[in-house]
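Trainee: Heads up: the sequence shown begins at 1 in the UniProt record's numbering, then just goes up one per residue.
For every residue, glycine included, the Cβ atom is placed at its ideal position computed from N, Cα and C.
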Amino acid sequence: MSFLKPKSHIEKGDVVILYLSVSSMHAIEAVPEIVNKKGETIPHIFQTNYGSLKVENIIGVEYGSRVELSKGWAHVLQPTPELWTQTLPHRTQIIYTPDISMIIHQLEVRPGAVVIESGTGSGSLSHYFLRALKPTGHLHTFDFHDARADQARDEFRRHGIADFVTVYHRDVCNLGFGGELDGKADAVFLDLPAPDLAVPHAFKALKLSGGRFCSFSPCIEQSQRCIHELTKLGFNEIVSLEVLQQENVVKTRTLPVIDLEFLKLPKSDETTTAANGEESKAPKEVKKYLTSSNPQTLPGHTGFLTFATLPPNIPKA
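Shown next, in the form of structure tokens:
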């Protein structure tokens with residue numbers, strides 16, 4: 001029940017984030033025993049780069065505590081959608097936090113909202129939606145792949161958030177979201193190869209009072225076809241954008257200060273000759289500056305986010 005609400009101590013069955021470093025985190029289930037490939041029940045021992053952890057020992061431990069490994073140590077953290085995105089088992093390619101933050105903001109997801117999502121995939125975005133709409137909202141998430149829908153449904157149950165989400169196995173491009181959801185959604189999100197085919201179904205699913213729409217597409221041609229369908233159905237405020245996260249490099253640089261006083265002197269007086277015949281010059285002054293510059297490599301393309309608004313009282317014949 002790790003995702004339901006903040007907790008102080010680890011309970012049996014919790015999903016726990018084992019934090020070794022920023023680039024090394026693992027999601028483990030706090031159970032003392034597991035069943036191996038041979039069907040045998042064995043103690044739950046988790047292996048890391050810093051040695052093994054006997055998982056039984058973390059049950060009852062306070063979240064945020066440091067735990068000993070056989071060759072080092074780690075911290076045990078309560079999972080958040082951000083940490084889960086970095087550690088979840090990938091069933092499909094997933095959407096990451098930079099894009100997700102824009103999606104949640106633009107779709108105006110809030111407690112009490114009803115959101116439709118297709119497809120579910122690995123459930124990365126689903127966990128963000130659920131955090132934003134709890135405790136009175138609901139997520140309806142669709143996937144055309146039967147096994148993935150079952151895996152997602154079981155995952156939400158184990159995470160303690162099944163009461164706020166309904167998982168469907170359906171091809172929404174051909175079959176839509178079902179008549180029971182017509183006029184029920186505040187927002188619709190599509191992550192599909194052909195989102196333009198599902199736009200008419202999203203139109204029917206949004207409330208008569210209007211709502212927000214978003215589609216995530218890796219190719220601009222998909223976004224263009226989607227925009228064409230949105231325009232035909234009366235959506236407005238249509239915009240397609242790309243989120244690129246860039247971190248500036250801040251460092252202290254030491255630079256010599258150029259002394260221009262020599263320009264005021266006659267050429268013969270610019271330098272003085274020492275007793276040994278060598279030229280002597282005044283020592284150069286140096287100063288330290290805090291500078292900022294762009295990184296040498298920029299992040300690559302993720303996808304295009306197409307947003308639109310359905311105005312109130314558009315006829316849905």
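#1: Assuming G210 contacts P312 (C-beta within less than 8 Å), just tell me the rounded distance between them.
#2: Could you give the uninterrupted runs of the beta strand (DSSP E) lying entirely in the stretch 14 to 93, keeping only those of 3 residues or more?
#3: Which of the three DSSP states, helix, strand or coil, is assigned to A162?
#4: Can the beta-carbon of I34 be found closer than 7 Å to that of V16?
#5: Report the residue ranges of all beta strand (DSSP E) runs contained in full by the stretch 109 to 142; include only those spanning at least 3 residues, in chain order.
#6: Secondary structure at R170, three-state DSSP: helix, strand or coil?
#7: Inspect the beta-carbon positions of S223 and V250 and report whether they are closer than 7 Å.
#8: Going by CA-CA distance only, name the one from L20, A152 and V257 that's closest to residue 369.
#9: How do the stretch 89 to 104 and the stretch 66 to 75 stand: do at least 3 beta-carbon pairs fall below 8 Å, yes or no?
#10: Is I258 buried or exposed, if buried means 16 or more other CB atoms sit within 10 Å of its CB?
#11: In whole angstroms, what separates the C-alpha of S118 from that of L53?
#12: Measure how close the beta-carbons of G51 and L69 come, nearest whole angstrom, since I'm counting them as under 8 Å.
#13: Using the Cβ count rule (16 or more neighbours within 10 Å means buried), how would you classify A147?
#14: Give me the residue from L208, V109 and C173 with the minimum Cα distance to L197.
#15: Look at the alpha carbon of H228 and the alpha carbon of L4, and state the distance between them as a whole number of angstroms.
#16: How long is the line joining the alpha carbons of E242 and K264, rounded to whole angstroms?
#17: For A113, which option in L83, A132 and G123 has the closest C-alpha, if you only look at C-alpha atoms?
#18: Do V165 and F177 count as a contact pair if the criterion is CB distance below 7 Å?
#19: F213 lies in the beta strand (DSSP E); which residues open and close that run?
Mentor: In terms of the structure at hand:
#1: Along the sequence shown, read from residue 1 onward, the residue named residue 210 stands at position 210. Along the sequence shown, read from residue 1 onward, the residue named residue 312 stands at position 312. Their Cβ separation, rounded to whole angstroms, is 4 Å, which keeps G210 and P312 in contact under 8 Å.
#2: 15 to 21, 24 to 29, 33 to 35, 41 to 43, 45 to 48, 51 to 54, 66 to 69 and 72 to 77
#3: Working through the sequence shown from its first residue, we reach residue 162 at position 162. Helix, per DSSP.
#4: Taking the first residue of the sequence shown as position 1, residue 34 is located at position 34. Taking the first residue of the sequence shown as position 1, residue 16 is located at position 16. Their beta carbons are not under 7 Å apart, which means I34 does not touch V16 by this criterion.
#5: 114 to 118
#6: For the purposes of this step, residue 170 is taken as residue 170 along the sequence shown, with counting starting at 1. Looking at R170 - three-state DSSP - the assignment turns out to be coil, as it is neither helix nor strand.
#7: Position 223 of the sequence shown, counted from the first residue, corresponds to residue 223. Position 250 of the sequence shown, counted from the first residue, corresponds to residue 250. It is not a contact, given that the beta carbons lie outside the stated cut-off.
#8: Within the shown structure, residues of the chain are numbered from 1 to 317, placing residue 369 beyond reach of any answer.
#9: no
#10: As a working mapping, residue 258 is identified with position 258 in the sequence shown. Counting Cβ neighbours within 10 Å, I258 comes out exposed, since fewer than 16 surround it.
#11: As a working note, residue 118 is residue 118 in the sequence shown. As a working note, residue 53 is residue 53 in the sequence shown. Whole-angstrom Cα-Cα distance: 38 Å.
#12: Translated into the one-based positions of the sequence shown, residue 51 becomes position 51. Translated into the one-based positions of the sequence shown, residue 69 becomes position 69. Yes, they are in contact, since the Cβ atoms of G51 and L69 sit about 4 Å apart, within 8 Å.
#13: By one-based count along the sequence shown, residue 147 stands at place 147. Flag for A147 reads exposed.
#14: For the purposes of this step, residue 197 is taken as residue 197 along the sequence shown, with counting starting at 1. Residue C173 is the option with its Cα nearest to L197.
#15: Translated into positions along the sequence shown, residue 228 becomes position 228. Translated into positions along the sequence shown, residue 4 becomes position 4. If I take the Cα positions, the gap works out to 40 Å.
#16: Mapped onto the sequence shown, residue 242 falls at position 242. Mapped onto the sequence shown, residue 264 falls at position 264. Rounded to whole angstroms, E242 to K264 spans 55 Å at the Cα level.
#17: Residue 113 sits at position 113 when you count from the first residue of the sequence shown. It is A132 whose Cα lies nearest to the Cα of A113.
#18: In the sequence shown, counting from the first residue as 1, residue 177 sits at position 177. In the sequence shown, counting from the first residue as 1, residue 165 sits at position 165. Not closer than 7 Å, so no.
#19: Locating residue 213 in the sequence shown gives position 213, counting from the first residue. F213 -> beta strand (DSSP E) spans G211 to S217.
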